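Asker: Okay, handing you the structure first.
In the numbering used here, the protein residues as written are 588 to 737.
What follows is the structure in structure tokens.
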């Protein structure tokens, strides 16, 4: 795998997140492979660009989705044409100025390279509530808040 694969995977992830932040359902769906899977914060599972698009459009039309603040924690190869990215993310709700800890999430992206182009095979949001360990929620929120101070 080329040395630059990490930059390519990070760019793919950032394009996906920017599409979310712009409330651009088509822009998000376009990043996925033909049978790519998106698993949302609430556990919704949608497969393929068309299904992802039809799932996201009403969300963006009917809900004031908050933008993500993200931090990539790790990117590693899973062979020559696959990689996994782990990130943490928080959201600043509309009308607020601070990250809302109750919606912090771990994000996992599995990317595959097809026809010389990286695509999302899996994007999953897992709530990061650390039940019984509020100090970990606070630690994640602080780590994300540091990004806003830069």
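Glycine included, each C-beta is placed from N, C-alpha and C at the ideal position.
A quick note: this is a predicted structure, and the numbers were derived from the prediction, not measured.
Thinking C-beta only, is residue 731 closer than 8 Å to residue 677?
Answerer: Against the chain shown, residue 677 aligns to sequence position 90. Against the chain shown, residue 731 aligns to sequence position 144. Contact: yes.
Asker: Can you say whether residue 581 is buried or exposed, counting buried as having 16 or more other CB atoms within 10 angstroms of its CB?
Answerer: Because the chain is modelled from 588 through 737, residue 581 falls outside the range shown and cannot be assessed.
Asker: Span of the beta strand (DSSP E) holding residue 648?
Answerer: Start at 1 with the first residue of the chain shown, and residue 648 comes out as number 61. Taken as a continuous stretch (DSSP letters only), residue 648 belongs to no beta strand (DSSP E), being part of the alpha helix (DSSP H) at 636-649.
Asker: Are the CB atoms of residue 605 and residue 706 within a distance shorter than 8 Å?
Answerer: Against the chain shown, residue 706 aligns to sequence position 119. Against the chain shown, residue 605 aligns to sequence position 18. Contact flag unset, no.
Asker: In angstroms, rounded to a whole number, what distance separates the CA positions of residue 635 and residue 623?
Answerer: To locate residue 635, count along the chain shown from 1; it is residue 48. To locate residue 623, count along the chain shown from 1; it is residue 36. Cα to Cα, the separation comes out at about 5 Å.
Asker: Give the C-beta separation of residue 692 and residue 715 to the nearest angstrom, bearing in mind that I take them to be a contact with Cβ-Cβ under 8 Å.
Answerer: Residue mapping note: residue 692 aligns to position 105 of the chain shown, counting from 1. Residue mapping note: residue 715 aligns to position 128 of the chain shown, counting from 1. That pair is a contact at about 5 Å.
Asker: Taking all protein chains shown into account, decide if residue 734 is buried (16 or more other Cβ within 10 angstroms of its Cβ) or exposed.
Answerer: Position 147 of the chain shown, counting from 1, holds the residue named residue 734. Under this definition residue 734 is an exposed residue.
Asker: Locate the alpha helix (DSSP H) running through residue 596, then write down its first and last residues.
Answerer: The residue you call residue 596 lines up with position 9 of the chain shown. From DSSP, the alpha helix (DSSP H) with residue 596 extends over 592-608.
Asker: Evaluate the contact criterion for the stretch 681-701 versus the stretch 648-659: three or more CB pairs, one atom per stretch, below 8 Å.
Answerer: yes
Asker: Give the secondary structure of residue 672 by DSSP, where H, G and I count as helix, E and B as strand, and everything else as coil.
Answerer: Indexing the chain shown from 1 puts residue 672 at position 85. Residue 672 falls in the strand class under three-state DSSP.
Asker: Spatial neighbours of residue 686 within its chain, please: CB distance less than 7 Å, with the 5 preceding and 5 following residues excluded, ordered by chain position.
Answerer: Here the question's residue 686 lines up with position 99 in the chain shown. Non-local beta-carbon contacts of residue 686 in its own chain, meaning distances under 7 Å to residues more than five positions away in sequence, involve 656, 677, 678, 679, 728, 731, 732 in chain order.
Asker: Are the CB atoms of residue 668 and residue 700 within a distance shorter than 8 Å?
Answerer: As a working mapping, residue 700 is identified with position 113 in the chain shown. As a working mapping, residue 668 is identified with position 81 in the chain shown. Contact flag set, yes.
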